[in-house]
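Participant: Dumping the structure here so I can ask a few things about it.
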Amino acid sequence: MIRSFAVSTLTLLLCATAYAQTPAAAPAAAPAATPAAPAGDPAKGRELTRMCEGCHGIVGWRTAYPEVYRVPKLGGQHAAYIVQALHAYRNGDRSHPSMQAIAGSLSDQDMANLAAYFSQAGGATNTASK
Amino acid sequence: MMTRMQAVLLAVVVALTPALAFGADLVAGQEKVKQVCAACHGQDGNSQSADYPKLGGQYPDYLAKALHDYKSGARKNPIMAGFAATLTDKDIENVAAYFASQPPVLVTR
């Protein structure tokens, strides 16, 4: 009697734990690993680059605040990585005042479009296999 | 005879010297890249996986900043935090200079 009570209690506990974990685990894993990626349209991305080109579009341009370093080159970068970076600015995993403000103003579709645009350009070795 | 002022100046110069870059060591950078970075980013920084950024020809000061931020936790990425933690400041300088010296798969756009 005691044993069957213990078994059913344990079973209930396990079910409750599993139930509690399922909804919590799913949303946490999904956006972090692979953000649902809309297909990007490079032409639409081009229309959004006015906010990017003042820093990223000038060879050797340096940040002014809060640290000084040359603003990274984006042409030829993987689109998926550009989207990751924008998401990281938007959710606070990366911090830079301008980039956080800009990323916060972009929809997922905007990010995909910008990434498609920037990933198109590239150096001569962009398609090299090594 | 060294004046007190000269002595102070000399002390300041000696103290600051290690902080000034003597120039990165590209050979040491290449070796470190082979051990730590190449599996994902490619030996020349031309990553073939969309999840890992291309680094070839990127500005070295940006690459160094990224690595320092991963190391300090200012930039949050569990994978890179682990790798950056194994790098000294000198390693970071060398690795950044090495990737910057590689064929520019990245361009300003």
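As they're listed, the protein sequences go chains A and B. Using this note's numbering, read the first sequence as starting at 462 and increasing by one per residue. Using this note's numbering, read the second sequence as starting at -3 and increasing by one per residue. A virtual CB, placed ideally from N, CA and C, is assigned to each residue, including glycine.
1) What residues in its chain sit with their C-beta under 7 angstroms from that of residue 66 of chain B, if we drop five residues either side in the sequence?
2) Compare the Cα-Cα distances from residue 628 of chain A to each of A:534, A:573 and A:508 and report the closest residue.
3) With 16 as the cutoff for other CB atoms within 10 Å, does residue 508 of chain A come out buried or exposed?
4) Which one or two residues does DSSP pair with residue 531 of chain A in a beta bridge?
5) Suppose only complete runs of 3+ residues qualify. What are the beta strand (DSSP E) ranges in the segment 493 to 518 of chain A, listed by chain order?
6) Taking CB distances under 8 angstroms as the criterion, tell me whether residue 68 of chain B reaches chain A.
7) For the segment 554 to 571 of chain A and the segment 80 to 100 of chain B, state whether three or more C-beta atom pairs, one from each stretch, are separated by less than 8 angstroms.
8) With C-beta atoms as the reference, is residue 34 of chain B less than 8 angstroms away from residue 90 of chain B?
9) I'd like the list of long-range same chain contacts for residue 471 of chain A, defined as Cβ closer than 8 angstroms, with 5 residues on each side in sequence excluded.
10) Considering only C-alpha positions, which residue in the set A:537, A:532, A:531 and A:528 is nearest to residue 582 of chain A?
11) Could you name the residues that DSSP lists as bridge partners for residue 103 of chain B?
12) By the three-class DSSP mapping on this structure, what secondary structure does residue 71 of chain B have?
13) Under 9 angstroms Cβ-Cβ, which residues of chain A neighbour residue 84 of chain B?
14) Alpha helix (DSSP H) containing residue 30 of chain B: first to last residue?
15) Give the single residue among A:505, A:542 and A:555 whose Cα lies nearest to the Cα of residue 68 of chain B.
16) Can you say whether residue 519 of chain A is buried or exposed, counting buried as having 16 or more other CB atoms within 10 angstroms of its CB?
17) Thinking just about the alpha-carbon of each residue, which of B:44, B:103 and B:22 is nearest to the one in residue 55 of chain B?
18) Between which two residues does the alpha helix (DSSP H) harbouring residue 576 of chain A extend?
19) By Cβ distance below 7 angstroms, which residues in the same chain neighbour residue 2 of chain B in space, the five residues on each side in sequence not counted?
20) In the structure shown, what three-state DSSP assignment does residue 39 of chain B receive?
21) Since I believe residue 558 of chain A is in contact with residue 526 of chain A (beta carbons under 8 angstroms), could you give me their beta-carbon distance rounded to a whole number of angstroms?
22) Can you pull the chain B neighbours of residue 555 of chain A, defined as C-beta to C-beta under 7 angstroms?
23) Shorter than 8 angstroms from the beta carbon of residue 63 of chain B to some beta carbon of chain A?
24) With a cut-off of 8 angstroms, does the C-beta of residue 46 of chain B fall near any C-beta of chain A?
Facilitator: The short version:
1) Excluding positions up to five away in sequence, the list reads 73, 76, 77 and 80.
2) It is not possible to answer for residue 628 of chain A, since the shown part of chain A is limited to 462 through 591.
3) With fewer than 16 other Cβ atoms within 10 Å, it is exposed.
4) Residue 531 of chain A pairs with A:523.
5) Considered as a whole, the segment 493 to 518 of chain A harbours no complete run of any beta strand (DSSP E) with no fewer than 3 residues.
6) Contact with chain A is absent for residue 68 of chain B, since none of that chain's Cβ atoms lies less than 8 angstroms from the residue's Cβ.
7) Contact between the segment 554 to 571 of chain A and the segment 80 to 100 of chain B is absent, with fewer than three C-beta pairs closer than 8 angstroms.
8) Cβ distance not < 8 angstroms, so residue 34 of chain B and residue 90 of chain B don't count as in contact.
9) Note that residue 471 of chain A scores a pLDDT of 44, beneath 50, so its modelled location is shaky and nothing firm can be said.
10) Restricting attention to A:537, A:532, A:531 and A:528, the CA atom closest to the CA of residue 582 of chain A is found in A:537.
11) In the DSSP assignment, residue 103 of chain B is bridged to A:536.
12) Three-state result, residue 71 of chain B: coil.
13) None at all; the shortest Cβ gap to chain A is about 19 angstroms.
14) DSSP places residue 30 of chain B outside any alpha helix (DSSP H), giving it a letter other than H or E.
15) When C-alpha distances from residue 68 of chain B are compared across A:505, A:542 and A:555, the shortest belongs to A:555.
16) Per the 10 Å Cβ criterion, exposed.
17) The option with the nearest alpha carbon to residue 55 of chain B is B:103.
18) Unbroken alpha helix (DSSP H) run through residue 576 of chain A: 569 to 581.
19) Cβ within range, chain order: n/a, list empty.
20) Three-state DSSP puts residue 39 of chain B in coil, outside helix and strand.
21) Your pair residue 526 of chain A and residue 558 of chain A checks out as a contact, with CB atoms roughly 7 angstroms apart and the cut at 8 angstroms.
22) Correct list: 71.
23) Answer no: the Cβ-Cβ gap between residue 63 of chain B and chain A never drops below 8 angstroms.
24) The C-beta of residue 46 of chain B comes closer than 8 angstroms to at least one C-beta of chain A.
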